[in-house]
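Engineer: The sequence shown begins at 2 in the working numbering and counts up by one. Glycine residues also receive a C-beta, built at the ideal position from the N, C-alpha and C atoms.
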Amino acid sequence: ARPVRLSVQIYPHGKGRKLMISRDITALEQAEAMRRDFVANVSHEIRTPLTVLAGFVETLQTLQLSTEEQTRYLGLMAQQAARMQSVVQGLLTLSRLEESPRPGMAEWVSVQHLLEQCADEGCALSQLLTRNQARQHTMIFPLPAPPEGMGEIAGVQAELQSALSNLISNAVRYTPASGSIEVSWHWQADGSAVFAVRDTGPGIDAVHIPRLTERFYRVDRSRSRETGGTGLGLAIVKHVLQRHDARLDIQSTLGQGSTFSVHFPANRVRPPTKAA
Ligand code: ADP
């Protein structure tokens, strides 16, 4: 949201001092419209699975179903409940990120450890999503790490892990099973570092790119939902990265794939110390 500009002017002359406060009403209205949109979105995201869930409960209560049918219905109900849980969990994560203080420079997180976790989670997700298909994604990680390690990032381990894993899980979820996903970690000449996830998925039309990190913004709602998406993933990524002074860059070509890159400034990263 654009910040609301509040200007205060004090006129010292004349009878008594006058205080004049003027506000940028447009910004205020914009913020209010965003708040309304957000509440409407949350209601929609929770009401939809709730309605479906209530429908299934009613069916179970009114129809004499066979045990197999009951089991099937219970499975579908569990899916809807899980969907609501993910939305609520995502919203709680966002509000916690907004409220907690910015991560300091006291804790250093191992890049190698982050990448190992990302590889485990990415491969597990690929197996889960492609278990009925002939092929799984080709996943390429810069692992095993060299003996001197891969350096460190100053910040909160759990937050960084969730942001980087989120980019990998998106690549896996949106890329067809025959596609490939390549994760890289590069040091730049100025001491900064870049984490990137490149996929051979459907790509994203340029008009959508600036809006992808908005809460609940999705290019293809049904595709997102099919793979368990909530539309909150990239909003969380953006928040975590902002808190770590890092920047997200999205490059994509429709029909060819996307690359999500995270740029960590030099003061947030330290390179590995050379092995003796
Ligand atoms: P979702 O839970 O829907 O995946 P995200 O916030 O993680 O929500 O992503 C927002 C949208 O960005 C997705 O719905 C999808 O349309 C698009 N998107 C994200 N990552 C990719 C990707 N790697 N390839 C294609 N589209 C993507």
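Look at Ser87 and Gly232 and say whether their C-beta atoms are less than 8 Å apart.
Structural biologist: In the sequence shown, the residue the question calls residue 87 occupies position 86. In the sequence shown, the residue the question calls residue 232 occupies position 231. No, they are not a contact pair.
Engineer: So what does DSSP say about Glu117, is it helix, strand or coil?
Structural biologist: If you number the sequence shown from 1, residue 117 lands on position 116. In the structure shown, Glu117 sits in a helix (DSSP, three-state: H, G or I).
Engineer: I'd like the list of long-range same chain contacts for Ala120, defined as Cβ closer than 8 Å, with 5 residues on each side in sequence excluded.
Structural biologist: Your numbering for residue 120 matches position 119 in the sequence shown. So the list reads Met140, Phe142, Leu144, Val184, once near-sequence residues are dropped.
Engineer: When we look at the beta-carbon of Ala277 and count the other beta-carbons within 10 Å, is it buried (16 or more) or exposed?
Structural biologist: Here residue 277 refers to the residue found at position 276 of the sequence shown. Note that Ala277 has pLDDT 46, beneath the 50 cutoff, so the model's placement of it is unreliable and the number below is only indicative. Under this definition Ala277 is an exposed residue.
Engineer: Within the chosen definition, does the stretch 212-224 reach the stretch 187-198 through at least 3 CB pairs nearer than 8 Å?
Structural biologist: No, the stretch 212-224 is not in contact with the stretch 187-198.
Engineer: Determine contact between the stretch 201-211 and the stretch 50-64, defined as no fewer than three beta-carbon pairs at a distance below 8 Å.
Structural biologist: The stretch 201-211 vs the stretch 50-64: no contact.
Engineer: Taking 6 Å as the limit between beta carbons, can you name the residues of its chain near His187, skipping five residues before and five after?
Structural biologist: Taking the sequence shown and counting its residues from 1, the one referred to as residue 187 is at position 186. Contacts found: Val195.
Engineer: Pull up the CB-CB distance for Thr131 and Ala197, whole angstroms please, since I reckon it's below 8 Å.
Structural biologist: Locating residue 131 in the sequence shown gives position 130, counting from the first residue. Locating residue 197 in the sequence shown gives position 196, counting from the first residue. The pair is not a contact, with the Cβ atoms about 23 Å apart (cut-off 8 Å).
Engineer: Using three-state DSSP, classify Gln134 as helix, strand or coil.
Structural biologist: By 1-based counting over the sequence shown, the position of residue 134 is 133. Coil at Gln134, not helix or strand.
Engineer: Whose C-alpha, out of Glu46, Ala83, Val263, is nearest the C-alpha of Leu161?
Structural biologist: The sequence position of residue 161 within the sequence shown is 160, counting from 1. Of the candidates Glu46, Ala83, Val263, the one whose C-alpha sits nearest the C-alpha of Leu161 is Val263.
Engineer: DSSP beta-bridge partners for Gln252?
Structural biologist: Counting from 1 along the sequence shown, the entry for residue 252 is found at position 251. Answer is Thr260.
Engineer: Using the Cα positions of Phe261 and Arg136, report the straight-line distance between them to the nearest angstrom.
Structural biologist: Taking the sequence shown and counting its residues from 1, the one referred to as residue 261 is at position 260. Taking the sequence shown and counting its residues from 1, the one referred to as residue 136 is at position 135. In a straight line, the C-alpha of Phe261 is about 24 Å away from that of Arg136.
Engineer: So for Glu215, helix, strand or coil by DSSP?
Structural biologist: Taking the sequence shown and counting its residues from 1, one reaches residue 215 at position 214. It is coil, neither helix nor strand.
Engineer: Could you pull out every unbroken alpha helix (DSSP H) segment of at least 4 residues lying fully inside the stretch 54-104, listed in chain order?
Structural biologist: Qualifying alpha helix (DSSP H) stretches, in chain order: 68-100.
Engineer: If contacts are defined as beta-carbon pairs under 8 Å, then Leu116 and Met151 qualify, I think. What distance do you get, rounded to the angstrom?
Structural biologist: By 1-based counting over the sequence shown, the position of residue 116 is 115. By 1-based counting over the sequence shown, the position of residue 151 is 150. That belief holds up - the Cβ atoms of Leu116 and Met151 are roughly 7 Å apart, short of 8 Å.
Engineer: Among residues of its own chain, excluding the 5 on either side of Pro266, which ones have a beta-carbon nearer than 6 Å to its beta-carbon?
Structural biologist: Along the sequence shown, one-based indexing puts residue 266 at 265. Taken in chain order, the residues that qualify are Ser193, Asp246.
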